[in-house]
Ligand code: FES
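Residue numbers (our numbering): 159 to 296.
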């Protein structure tokens, strides 16, 4: 099985089983597998082909990281809501929290509370064939 096939199958599994970590609203959302490296989590650009955003599985059993395209490259933010820690998911072009209704831009900035602040964000190192989410320890 090649890596692309693995990622697509993981997406299907994650959309089902992984939704226990997120919400029932996550069915069908794209997931990619991140590889742990010394500086963080590495994602292959080829796995992001055709995607505006994806959840990155960290392999640590924790919540995935939300990685999205911006005008200048990629942005990575925690999927853990800053209010009480529920998992946010994309909904109508924003990241929405199903617990109490907070909403965030894809770059993590706060649109609407009760969350008190933006989502935690991660520095990225972008290379030709991969992106490293630095010091990602969600
Ligand atoms: S936990 Fe997200 S709004 Fe309360």
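Glycine included, every Cβ here is placed at the ideal spot set by N, Cα and C.
Note that the structure is predicted; figures quoted are calculated from it, not measured.
{"Item": "Report the rounded CA-to-CA distance for residue 287 versus residue 261, giving the unit in angstroms.", "Value": "32 angstroms"}
{"Item": "Need the endpoints of the beta strand (DSSP E) that residue 198 sits in, please.", "Value": "198-202"}
{"Item": "Report the rounded CA-to-CA distance for residue 229 versus residue 210, giving the unit in angstroms.", "Value": "11 angstroms"}
{"Item": "Taking the straight line between their C-alpha atoms, what separation do you get for residue 283 and residue 235?", "Value": "14 angstroms"}
{"Item": "Quick one, what's near the ligand FES if you take every residue whose CB is closer than 5 angstroms to any heavy atom, in chain order?", "Value": "239, 241, 242, 244, 255, 257, 258, 260"}
{"Item": "Output the boundary residues of the beta strand (DSSP E) element that contains residue 269.", "Value": "268-270"}
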